[in-house]
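At the far end of the sequence shown sits residue 61, using the numbering used here, and the numbering has no gaps.
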Amino acid sequence: TDLTMLKLAALESNKNQDLEKKEGRIDDLLRVSNKL
26 TDLTMLKLAA
36 LESNKNQDLE
46 KKEGRIDDLL
56 RVSNKL
């Protein structure tokens with residue numbers, strides 16, 4: 026049904042947001058380590 030598709034889409038977008046947050050943290054760590 027449409028509802029399950031919406032739920033799946035919401036889960037996917039949540040996963041993508043988590044990945045972006047993790048990648049952002051990694052970028053920050055790399056920047057900090059480069060300054061040292």
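The C-beta atom is built at its ideal place from N, Cα and C for all residues, glycine as well.
Inter-residue distance for Val57 and Arg50 is about 11 Å (C-alpha atoms, whole angstroms). Annotated three-state conformation of Thr26 is coil, per DSSP. Leu61 sits in coil when the DSSP states are folded into three classes, being neither helix nor strand.
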